[in-house]
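Remarks on the structure that follows.
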């Protein structure tokens with residue numbers, strides 16, 4: 046685990062130092078109106094007291110250097126990116142879990158950027174967009190999470206096509222426009238494109254298309270496992286590494302019993318590392334112990350071949366973490382000889 050953390054830190058430092066700023070980007074012209082997940086959102090000026098509701102939204106704002114324009118953040122499954130720790134320390138933490146609507150309003154926000162529909166959608170545990178509209182606070186929901194809920198009953202929805210970085214680039218671009226820092230947004234996008242291109246050069250050592258299962262967590266060993274869906278960010282990671290997601294469900298976060306996972310028989314199992322500690326199996330060590338000691342599960346090809354790798358759990362959401370997570374997976378698979 047120390048190796049993973051130090052590697053991630055080094056990668057992030059390299060990211061920060063590689064940014065170049067072009068003077069060619071025009072300033073944002075206000076009023077600015079954007080279409081966001083079916084809603085029209087207008088801004089008369091750049092926000093001064095933004096709330097990052099969800100880790101991805103908060104980290105994008107911080108990556109754009111907007112900590113002085115942030116009134117608070119909430120909902121953090123993992124610790125902040127190492128390169129952002131100093132900036133994040135300047136921003137008030139409302140809650141690592143779901144905040145209350147009242148606690149957000151208490152910070153007198155003039156903008157709320159949300160990472161997930163569970164934080165801002167029709168069935169949100171926090172508030173709906175119309176709740177913020179009533180108090181005159183514009184909102185922005187991550188384009189990556191504007192999903193249909195018609196085919197599945199859970200609030201995260203289903204994804205008919207494989208997620209790709211274009212939706213993340215759109216999010217970074219639009220947030221940078223809102224805050225009139227377009228040059229910073231384009232620098233961040235350029236760096237991610239470079240990283241993705243490098244990852245797509247990865248190929249399996251024997252030329253085989255590896256199959257992956259991405260295990261986020263489970264309430265207990267006997268409970269169904271929360272997995273990354275076929276077309277979710279996990280599927281993108283498998284694809285960018287020249288493989289495929291062994292999970293075929295289009296739900297963003299399907300839950301499967303271990304009988305189904307055994308039947309899928311993946312070549313690689315990616316286990317999430319989560320800092321929230323809601324369940325014992327949030328810990329990668331607990332996941333790997335279960336995989337290697339359960340009589341039936343231990344017979345999965347990935348387990349028998351010791352092809353179990355650890356990845357930041359936030360990377361399984363469609364976020365700025367996804368590319369870093371893919372880099373973590375690639376590094377470990379190369380170390381065990383699965384990738385060139």
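Residue numbers (the numbering used here): 46 to 385. No residue lacks a Cβ here, since even glycine has one placed at the ideal position from N, Cα and C. These figures come from a predicted structure and were not determined experimentally.
Per DSSP, cross-strand counterpart(s) of residue i
i           : result
residue 357 : 318
residue 259 : 315
residue 289 : 256
residue 296 : 203
residue 150 : Answer is none; residue 150 lacks a bridge partner.
residue 249 : 384
Separation of residue j from residue i, as counted between CA atoms
i           : j           : result
residue 236 : residue 374 : 19 angstroms
residue 345 : residue 311 : 7 angstroms
residue 264 : residue 362 : 19 angstroms
residue 183 : residue 155 : 7 angstroms
residue 170 : residue 164 : 6 angstroms
residue 266 : residue 79  : 45 angstroms
residue 73  : residue 351 : 51 angstroms
residue 288 : residue 243 : 15 angstroms
residue 109 : residue 313 : 34 angstroms
residue 95  : residue 337 : 45 angstroms
residue 404 : residue 340 : Since the first and last residues shown for the chain are 46 and 385, residue 404 lies out of range.
residue 299 : residue 273 : 7 angstroms
residue 307 : residue 301 : 10 angstroms
residue 111 : residue 303 : 43 angstroms
residue 91  : residue 334 : 49 angstroms
Exposure label - residue i; buried when at least 16 CB within 10 Å
i           : result
residue 68  : A caution first: residue 68 carries a pLDDT of 47, below 50, which makes its placement in the model unreliable, though a value can still be read off. Burial call: exposed.
residue 385 : exposed
residue 275 : buried
residue 225 : buried
residue 142 : exposed
residue 322 : exposed
residue 87  : exposed
residue 382 : exposed
residue 297 : buried
residue 357 : buried
residue 153 : exposed
residue 76  : exposed
residue 5   : With the chain covering only 46 through 385, there is no way to say anything about residue 5.
residue 366 : buried
residue 377 : buried
residue 175 : exposed
residue 332 : buried
residue 168 : exposed
residue 229 : buried
residue 240 : buried
residue 293 : exposed
residue 116 : buried
For residue i, the first and last residue of its enclosing beta strand (DSSP E)
i           : result
residue 272 : 270-272
residue 156 : 156-159
Range covered by the alpha helix (DSSP H) that runs through residue i
i           : result
residue 162 : 162-165
residue 371 : 366-380
residue 303 : 303-309
residue 345 : Taken as a continuous stretch (DSSP letters only), residue 345 belongs to no alpha helix (DSSP H), as it is neither H nor E.
residue 337 : 329-338
3 or more residues per run - each beta strand (DSSP E) lying fully within the stretch 73-140 = Listed in chain order, they are 77-81, 84-88, 95-98, 115-119, 138-140.
Residue ranges of each beta strand (DSSP E) run of no fewer than 3 residues wholly in the stretch 178-244, ordered along the chain?
-> Complete beta strand (DSSP E) runs here, min 3: 184-186.
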